[in-house]
Amino acid sequence: MRKVCIVTGTRADWGLLSGIAKALDARSDVVLQIVATNMHLSAKFGNTIHEIVDAGLTVTRRVPIDTDSEGLTATATAMAQCTKGMAEAFAELRPDLLVILGDRFEMLATASAALVMHIPIVHIAGGAISEGAFDESIRHAITKMSHIHLVETEAYRRRVIQLGEDPQRVINTGAIGVYNIRHVPLMSVAELEESLGTDVPEKSLLVTFHPATLDAESPVEQCRNMLAALDDFPDYKVIFTYPNNDTQSSRIISLINDYVDRNRRRCAAFASLGMRRYLSALRRVAAVVGNSSSGIVEVPSSGIPTLNIGIRQRGRIAAESVVNCGTSRQEISRGLATVLSPEMQLKAKTVVNPYEKPDTLERMVKAIAETPLEGILIKPFYDINQ
1438 MRKVCIVTGT
1448 RADWGLLSGI
1458 AKALDARSDV
1468 VLQIVATNMH
1478 LSAKFGNTIH
1488 EIVDAGLTVT
1498 RRVPIDTDSE
1508 GLTATATAMA
1518 QCTKGMAEAF
1528 AELRPDLLVI
1538 LGDRFEMLAT
1548 ASAALVMHIP
1558 IVHIAGGAIS
1568 EGAFDESIRH
1578 AITKMSHIHL
1588 VETEAYRRRV
1598 IQLGEDPQRV
1608 INTGAIGVYN
1618 IRHVPLMSVA
1628 ELEESLGTDV
1638 PEKSLLVTFH
1648 PATLDAESPV
1658 EQCRNMLAAL
1668 DDFPDYKVIF
1678 TYPNNDTQSS
1688 RIISLINDYV
1698 DRNRRRCAAF
1708 ASLGMRRYLS
1718 ALRRVAAVVG
1728 NSSSGIVEVP
1738 SSGIPTLNIG
1748 IRQRGRIAAE
1758 SVVNCGTSRQ
1768 EISRGLATVL
1778 SPEMQLKAKT
1788 VVNPYEKPDT
1798 LERMVKAIAE
1808 TPLEGILIKP
1818 FYDINQ
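Structure representation (structure tokens):
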């Protein structure tokens, strides 16, 4: 029996990991462990640990960290808390394999603990580029700590190999979020509206704006500009989801809540929609706005356009339905006009999403459950001239 430990820290990564967790849990040759940390354990961000329990799965351990303090020092301190908590959890659980996704600071702490405790790591979504956030460096650092790589595109596979990883252990699976769009049963419009407690007309926008942690321009000012640009489209309902707990996220949440209070007839805000409500909303709204990776990776497979604001996701491969814009009110307003134009609405229905593969879940689960682990901890550097 292989003991597989999945660590999850946010609503976003659990939305992607939940299907993998269920498939692993259904296997007779796998003992599934789930460790929840960071935003999952925060009332401020919706106590999203309930999404794990609601999926019929057991949270094996909880690793709390400080999610209330903000700033770079607070983030570094939270990383230290996470490293300590993960080390204690791993010492007790003794997993054979760790599965982590993405590029957040708590995943760097998790990978660091696993590395020194001789626990092989499966890393999902390596090789991508997002130049506007320090997540970029974290993602590549986790790649070098990991032993099995499940990447989203062939270009990302080449990049991971370029970092010296063995090509036999770098697998282009496609993006699990896109797989979810095609396979998760969605809510009807009536069910969605009842669950949200608000109407979701076809003329709606789904907005998520995160701080770009390497941007010299204030994320608070960028958010103000975005909200001002939304005023230029008063006929559209706006559904906000809160940012992750990055630096200045509290100020962004305050701006969003103030905006909603001033525009209650056309706006609503949620700490988290959860995967099913989020995917169901994508089937209803006219466009996604903000700077979330989901707007780049998953949204094109829903047949709607994305307005990607600023530099946070700069460098990611994107479908033709993704429109990039600057951070001034004028640039965002022009971008909104573009994504809401009949031409872009029609184009979005036919684009090819470079992150989509039909057998993503099967590829991922097979790699996690069946890749031989003997000798995997010793990694010769793979030179690309071989």
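Numbering-wise (the numbering used here), the sequence shown opens with residue 1438 and increments by one. Backbone N, C-alpha and C define an ideal beta-carbon position, used for all residues, glycine too. Computed from a prediction, not measured in an experiment: that's the story for all the values here.
For the 8 Å CB-CB criterion, His-1560 and Ile-1537 form a contact.
Straight through space, the alpha carbons of Ile-1746 and Gly-1772 are spaced by roughly 9 Å. Under DSSP, His-1560 takes part in a beta bridge, and its partners are Ile-1537, His-1586. Leu-1710 and Leu-1642 have their C-alpha atoms some 14 Å from each other. With contacts defined by Cβ atoms closer than 8 Å, Gly-1446 and His-1487 do not form a contacting pair.
Using a Cβ distance threshold of 8 Å, Asp-1503 and Ala-1515 count as a contacting pair. DSSP places Lys-1674 within a strand segment (E or B) once states are collapsed to three. Close CB contacts of Ala-1524 within its chain, under the 6 Å cut and outside five residues either way in sequence, are with Ala-1550 (chain order).
Contact check for Ser-1567 and Arg-1753: beta-carbon distance about 6 Å, within the 8 Å limit, so the pair qualifies.
For Ile-1457, the enclosing alpha helix (DSSP H) begins and ends at 1448-1462. Around Asp-1466, the same chain offers Met-1438, Arg-1439, Ala-1806 as residues with beta carbons nearer than 8 Å, after the five sequence neighbours per side are excluded. Going by DSSP, Ser-1691 is part of the alpha helix (DSSP H) stretching over 1686-1699.
Here Thr-1497 is not bridged, per DSSP, to any residue. Ser-1729 counts as buried, since no fewer than 16 other beta carbons sit within 10 angstroms of its beta carbon.
Rounded to whole angstroms, the separation of the alpha carbons of Pro-1737 and Asn-1790 is 6 Å. The Cβ atoms of Ile-1676 and Val-1637 lie closer than 8 Å to each other. Here Thr-1474 carries a strand assignment [DSSP, helix/strand/coil]. Glu-1631 and Tyr-1673 have their C-alpha atoms spaced approximately 19 Å apart. As the crow flies, the alpha-carbon of Leu-1454 is around 22 Å from that of Phe-1571.
Only residues of its own chain outside the window of five on either side were considered, and among them Asn-1617, Ile-1618, Val-1621, Leu-1623 have a CB closer than 7 Å to the CB of Leu-1716, listed in chain order. Counting along the chain, the unbroken beta strand (DSSP E) around Lys-1440 starts and ends at 1439-1445. With a contact defined as Cβ atoms closer than 8 Å, Thr-1474 and Val-1441 miss out at about 17 Å.
Scanning Pro-1680, Leu-1629, Val-1722, Glu-1591 for the CA closest to the CA of Thr-1650 turns up Pro-1680. For Val-1789, the secondary structure class from DSSP, reduced to helix, strand or coil, is coil.
Residue burial annotation: Arg-1531 is exposed, with fewer than 16 other C-beta atoms found within 10 angstroms of its C-beta.
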